[in-house]
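When the letters of the sequence shown are read in order and numbered with the numbering used here, they come out as residues 39 to 254. Even glycine gets a Cβ: it sits at the ideal position worked out from N, Cα and C. None of these values were measured; they are calculated from a predicted model. This report refers to the structure that appears directly beneath it.
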Amino acid sequence: NHYLYIAEKNGKSLSNQFDHLVCFIGGALALSAVEIGDTNPKLAAKHLEYGTNLTRTCAHVYEATPSGLAPEIVYFSDSDPNNDFDIHKRDTHNLLRPETVESIFYLWRITHDEKYRRYAYQIFTAFRKFTKIDNNDPKYPNGGFYGSINDVTVSDPRDVTFRGDKMESFFLAETLKYLYLIFCDDDIININDYVFNTEAHPLPRLTKQQANKLFS
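Encoded structure:
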């Protein structure tokens with residue numbers, strides 16, 4: 039299906055391995071397109087094209103599993119025309135990572151294409167269905183939270199097993215924050231006025247004069 043992905047390079051060799059962690063790059067390229075703007079329209083258009091296609095790939099990895107959640111790693115096929123990627127057994131887990139919804143957030147704010155809200159809602163629904171630990175679950179007496187799961191290839195929530203009694207802090211700081219902001223008005227943490235750091239904490243964008251005054 040001609041999905042764009044970034045291969046992994048080890049020395050002079052390339053691997054078709056594609057980690058979920060790479061999925062932030064779609065949003066980064068889209069932001070780059072906005073910043074470049076009219077100074078180099080061809081380059082800006084190319085960055086937005088690559089960012090859009092990478093984000094499409096990352097969303098597809100979610101859509102293609104029985105649970106609707108992405109595994110930690112997939113391996114794209116360059117020989118099987120009927121199979122986009124494979125999931126190895128050791129990589130079937132999902133850690134509630136934010137990178138894909140981060141890129142979806144930026145592409146939504148920049149393009150306002152409704153497909154990004156559809157992507158986001160599908161992912162949010164899958165998180166609720168397959169990763170939520172209820173208070174009445176006898177296996178997890180400290181329930182009432184969301185947990186990393188071992189296998190995204192299960193199709194029934196009753197078959198889910200969790201990776202310990204814990205929830206990663208980035209699920210709240212990043213994943214849910216980006217999902218929430220996708221459905222907010224643009225003036226809620228406007229990306230023209232704020233920049234998100236690596237843990238999705240919004241910091242105000244300063245002019246050179248403001249920065250000099252603040253840090254001098």
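>> Please identify the residue among His85, Gly185 and Ile161 whose C-alpha is closest to the C-alpha of Met274.
In response: What is shown of the chain runs 39 to 254, which leaves residue 274 out entirely.
> Which residue's Cα is closest to the Cα of Phe165: Leu217, His126 and Ala211?
Replying inline: Leu217
> For Tyr178, which residues does DSSP report across the bridge?
Replying inline: DSSP lists no partner for Tyr178.
>> What does the alpha-carbon distance come out to for the pair Ser105 and Lys251?
In response: For Ser105 and Lys251, the distance between alpha carbons rounds to 51 angstroms.
> Mapping DSSP to helix, strand and coil, what is Ser105?
Replying inline: In this structure, Ser105 counts as coil in the three-state DSSP scheme.
> Are the segment 58 to 70 and the segment 104 to 124 in contact at 8 angstroms, needing three or more beta carbon pairs?
Replying inline: yes
>> So, for Tyr232: in the same chain, excluding its five sequence neighbours on each side, which residues have a beta-carbon less than 8 angstroms away from its beta-carbon?
In response: Pro240, Leu241, Pro242 and Arg243
>> Taking 8 angstroms as the threshold (C-beta atoms), are Ile226 and Arg147 in contact?
In response: no
> When you compare only the Cα positions, how much space is there between Asp122 and Asn39?
Replying inline: Asp122 and Asn39 have their C-alpha atoms roughly 7 angstroms apart.
> Residues bridged to Phe183 by DSSP?
Replying inline: Partner(s): Ile171.
> So, are the CB atoms of Thr130 and Tyr100 less than 8 angstroms apart?
Replying inline: A distance of 8 angstroms or more separates the beta carbons of Thr130 and Tyr100.
> What residues in its chain sit with their C-beta under 7 angstroms from that of Ser70, if we drop five residues either side in the sequence?
Replying inline: His85
> How many angstroms separate the CA atom of Asp172 from the CA atom of Lys127?
Replying inline: 27 angstroms
> Taking Cβ to Cβ, would you say Tyr88 is nearer than 8 angstroms to Leu67?
Replying inline: yes
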